[in-house]
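Those protein sequence lines, which keep their order, are chains A and B. Be aware that the first sequence starts at 273, since it is given in the numbering used here, and climbs by one per residue. Be aware that the second sequence starts at 365, since it is given in the numbering used here, and climbs by one per residue. Cβ atoms here follow ideal geometry from the backbone N, Cα and C, with glycine treated the same way. What you are looking at is a predicted structure, and each value in this text was computed from that prediction instead of being measured. Taking it in order: structure first as structure tokens, then the write-up.
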Amino acid sequence: MTIAAEDLIHTAPTAARTDQMDGKMTTSTLEPIRDIERFASDAEEFLSTAVPSRWKEARGTLTSHEMDEVRRQWDFTLWEGGYSGLSIPTEYGGRGLGLAEEIVFHVLAGKAQAPDGLARVGKSLVTPMLIAVGTEQQRAQYIPSIMNGQEVWCQGFSEPQAGSDLANIQAKARRVDGGYLINGNKTWTSFAQHARRCFVLAQTQPDAGRYRNLSMFLVDMEQPGVSISDIRQISGAVHFAETRFENVFVPDSDRVGDDGDGWKVAMRVLGDERGGIETAARYVEIRSDVDALLDVLGDQPEYASRLRDLDIRTELVHWQLMKVADLESVGDDEALARAGAVLKLMWSELWQDVTRLGVGHAPVVQQKHWSYQYLESRAVTIYGGSSEIQRNILAERVLGLPK
Amino acid sequence: MTTVEQKKNPESRYAMTTLPNEYGSMGAEGIEDLVKRATSHAPIATYVEEPEPPISWAAIADAGWDLAGIVEDDTCASTRDLVAIAKAWGYGSIPQPLLPSLLAKRLSAAAREVDGPVTFALPLGDGALVPFGALDGIVVVSALGDIEGEVTEVPTGEVDGLDLVGRGVHTPVATTFTTEAAREVALVLAAEVLGGAERLLADSLTFVIEREQFGRPVGSFQAVKHNLATATVNVEAADTALIWGSQREDNAFRGALFAVDRCIDAAEIAVHVHGGLGFTWEVGLHFPLRKMLSVRRIIDRLERDHT
């Protein structure tokens, strides 16, 4: 039996939350708690009742549409419980806490088998970008509906000819009265199928030369001229899409930063993409895969040294992240830059090693899981800055080697 | 009967701290400063085999560095603090028995009675290695941890040919370690070689920026950059493994061994990117690498003896 998607959606917000649902900027009613022990026990209690049982117990029976609805609903549940935007300042509807709490919450959520929401791009990329370089109007208009999960965002950066060479963006935004018309193709766009909005990097000054010719826009996806076609991945999943923009209008008020500052804004966003919150989510998934391998292979001596290595490396992803949070809190910028720059290399290459062991050696009854994980994991050394780009950044920006 | 009361690390499930206490940060800064002033970061090979090391034992003892690990009250060094101090010391590759003395005086009452340097005998699986056992006047302690021990002269033995910074001698019998002491010794040894790995990484960066081939610095070639980026990941992972091992005592040996392995990986890259100079004796990259190889074997043995 399948469950109608609507049944899964909880639609009645508490009174205290109605203002924020309506998009009014109000200070969060929840006080920040900097006592991490208390934060953790509160979060554990919240998760023990909030995680939907049909997700925890019967995920395998849900259709992909139903799974998406559970994930969308989960964003709302998080917000209602006060666990959305933990490190976002309270004035923007977040909790005003730090990376340490984000990490703790992700780990606890993983243990509680919570779904992952659809709001990831909005929360970890768009919101910090708007807080740093957006206008007051943009913050007021967009952040509340990101925080409560109402609006999913996707990221319109990569193009067929601009992958690792992101500065080679060909999409054009032509000036018209009151704004711009965007034309171009974006690809590998995660969450595009769910997204109400997209933040798009496009050329505004074709003659201005590399790095100075781009601008960043906040684009409404529900308008004529936007078309989305799914891209199926080697795992069989459809996590991303090709997105076309044909004469799509964006008002001036939805440009982020000055005209020509798009590259600078994008670099900021990429720093967030490769940063701590993403790693925390990855740690949880890798930990769960390694535990599964320990369960099925842990008593076989021929796997002992590989499992030991994978187990340590998994814990070190968590501790590396804690180190980053601590260095950030004491303001040791030099050590922080180096510790942060290795995060993605550490977890992405680890996860591939984990799934490779799983797909080759776990019992056949688990084949579906491991073949999926293995094939999915091939993407992680490519997206969000390939391992080669990560090593270039580390060598040039952290170690100071010549270009 | 000697008792050791090590400062307990936080037991909390969530409030993991990765940073040393103030004691450890100040200690590491002090050592860093001492090493820098004494060597001006001159190439390791210019001083490591000299009969007079660039820092004298008197300079170490006068500043009380050999007593820095002694447990007196709540403000004393935690294992995490010792890891920070040992890493700073390891950067210099100074042939003085600071770390063996510091550990011996922390972990043995008999050693605390001694004014000068003290060492111990580390298990090799096949006999033992006494770091700085060749030094005049150094004594060796028979037990570390909360068990009774005594100090004696170092027995004569063959000079160790692997760890040349350590100036050790081989003896038949190892010191007796409690598990707690063995864990701490393993972490400190690993932290010392991590300092060596940091040094090799820094020296490699300097080298590839200066060295030109094909009319440009070799450090501008992507293959070389990526090697050094990988070495950096190794050094970061080693550092974090020692933090983990010092905050989760059950993982001390695993963390220390993992760290030393990553240091060896980084050192191999350092030798490689130095090209033809990397395997010359006089450039001296082998001194920290030799110590890593020596320590790898010792920690492996300590783990086997204590699990």
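Contact under 7 Å by Cβ, residue i with residue j
i: residue 465(B); j: residue 481(B); result: yes
i: residue 754(A); j: residue 424(A); result: Only positions 273 to 675 of chain A appear in the structure, and residue 754(A) is not among them; the question remains open.
i: residue 408(B); j: residue 457(B); result: yes
i: residue 450(A); j: residue 496(A); result: no
i: residue 530(B); j: residue 495(B); result: yes
i: residue 618(B); j: residue 584(A); result: yes
i: residue 319(A); j: residue 372(A); result: no
i: residue 454(B); j: residue 609(B); result: no
i: residue 647(A); j: residue 436(A); result: no
i: residue 439(A); j: residue 482(A); result: yes
i: residue 555(A); j: residue 511(A); result: no
i: residue 403(B); j: residue 418(B); result: yes
i: residue 626(A); j: residue 562(A); result: yes
i: residue 497(B); j: residue 533(B); result: yes
i: residue 569(A); j: residue 575(A); result: yes
i: residue 474(B); j: residue 395(B); result: no
i: residue 461(A); j: residue 531(A); result: no
Within chain A, the residues that residue i reaches when beta carbons sit closer than 7 Å
i: residue 601(B); result: 588 and 618
i: residue 622(B); result: 584
i: residue 421(B); result: Here the premise fails: no neighbours, minimum Cβ distance about 31 Å.
Neighbouring residues, chain B, relative to residue i (Cβ below 9 Å)
i: residue 671(A); result: 565, 569, 583, 589, 592, 593 and 596
i: residue 602(A); result: 383
Closer than 7 Å at the beta carbon, the chain B residues around residue i
i: residue 610(A); result: 596 and 600
i: residue 314(A); result: Under the 7 Å cutoff, chain B gives no residues; its nearest Cβ is about 11 Å from residue 314(A).
Exposed unless 16 or more other CB atoms sit within 10 angstroms - verdict on residue i
i: residue 294(A); result: Unreliable placement is indicated for residue 294(A), whose pLDDT of 45 sits below 50; the coordinate value is still reported in the next sentence. It is exposed - the Cβ of residue 294(A) has fewer than 16 other Cβ atoms within 10 Å.
i: residue 450(B); result: buried
i: residue 526(B); result: exposed
i: residue 351(A); result: buried
i: residue 710(B); result: Because chain B here runs from 365 to 671, residue 710(B) falls outside it and cannot be looked at.
i: residue 361(B); result: This structure cannot settle anything about residue 361(B), because the visible part of chain B is limited to 365 through 671.
i: residue 478(A); result: exposed
i: residue 641(B); result: exposed
i: residue 519(A); result: exposed
i: residue 341(A); result: buried
i: residue 637(A); result: exposed
i: residue 634(B); result: buried
i: residue 675(A); result: exposed
i: residue 281(A); result: Residue placement at residue 281(A) cannot be trusted, given a pLDDT of 36 that sits under 50; the coordinates are not used to answer.
i: residue 409(A); result: exposed
i: residue 663(B); result: buried
i: residue 603(B); result: buried
i: residue 321(A); result: exposed
i: residue 665(A); result: buried
i: residue 456(A); result: buried
i: residue 539(A); result: exposed
i: residue 652(B); result: buried
i: residue 300(A); result: Low confidence applies here, because residue 300(A) scores a pLDDT of 41, under 50, leaving its location unreliable; read the following figure in that light. Classification for residue 300(A): buried.
i: residue 638(B); result: buried
i: residue 338(A); result: buried
Under 8 Å by beta carbon: chain B residues contacting residue i
i: residue 592(A); result: 600, 601 and 604
i: residue 598(A); result: 381, 382 and 383
i: residue 614(A); result: 596, 597, 600 and 601
Interface residues of chain A facing residue i [CB-CB closer than 8 Å]
i: residue 618(B); result: 580 and 584
i: residue 449(B); result: Here the premise fails: no neighbours, minimum Cβ distance about 17 Å.
i: residue 408(B); result: Those do not exist, as residue 408(B) stays about 20 Å from chain A at its closest Cβ, beyond 8 Å.
i: residue 607(B); result: 591 and 595
Within chain A, the residues that residue i reaches when beta carbons sit closer than 9 Å
i: residue 573(B); result: 672, 673 and 674
Cβ-heavy atom distance, residue i to the ligand SAM, below 6 Å
i: residue 510(A); result: Summarising the ligand content, the structure contains no ligands, and the ligand SAM is consequently not present.
Chain C within 7 Å of residue i, Cβ atoms only
i: residue 551(B); result: Here the protein chains are A and B, and chain C is not one of them.
Worksheet entry | Near-chain B residues of the region 364-394 of chain A (beta-carbon distance less than 7 Å), N- to C-terminal order | Interface annotation for the region 364-394 of chain A against chain B: 376, criterion Cβ-Cβ distance under 7 Å.
Item to complete: Scan the region 562-575 of chain A for residues whose Cβ lies nearer than 7 Å to a Cβ of chain B and list them as they occur along the chain.
Response: Per Cβ criterion, the list is empty.
Worksheet item: Taking the runs of the alpha helix (DSSP H) that are 4 residues or longer, which of them lie wholly in the region 385-468 of chain B?
Response: With a minimum length of 4 residues, the continuous alpha helix (DSSP H) runs that stay inside the region 385-468 of chain B are 386-403, 421-426 and 443-454.
Item to complete: Within the region 457-524 of chain A, note down every full beta strand (DSSP E) run reaching 3 residues or more, in order along the chain.
Response: Within the region 457-524 of chain A, the runs of beta strand (DSSP E) at least 3 residues long that lie entirely inside it are, in chain order, 469-475, 486-492, 498-503 and 512-523.
Worksheet item: Listed in chain order, which residues of the region 638-667 of chain A have Cβ atoms closer than 8 Å to some Cβ of chain B?
Response: Within the region 638-667 of chain A, the residues whose Cβ lies closer than 8 Å to any Cβ of chain B are, in chain order, 660, 662, 663, 664, 666 and 667.
Fill in: Whole alpha helix (DSSP H) elements within the region 471-525 of chain B, 4-residue minimum
Counting whole runs of 4 or more residues, the region 471-525 of chain B contains the alpha helix (DSSP H) stretches 473-476.
Worksheet item: If you scan the region 578-633 of chain B from start to end, which runs of the alpha helix (DSSP H) of 4 or more residues do you find wholly inside it?
Response: Within the region 578-633 of chain B, complete alpha helix (DSSP H) segments of at least 4 residues are found at 586-611, given in chain order.
Fill in: Residues within the region 390-407 of chain B neighbouring chain A, beta-carbon criterion of under 8 Å
Cβ contacts with chain A: none found.
Worksheet item: Taking the runs of the beta strand (DSSP E) that are 3 residues or longer, which of them lie wholly in the region 418-454 of chain A?
Response: If we require 3 residues or more, the beta strand (DSSP E) runs fully inside the region 418-454 of chain A come out as 425-428 and 444-448.
Worksheet item: Which parts of the region 349-379 of chain A are runs of the beta strand (DSSP E), unbroken and 3 residues or longer, counting only runs that do not cross its ends?
Response: Scanning the region 349-379 of chain A from its first residue to its last, no whole beta strand (DSSP E) run of 3-plus residues comes out.
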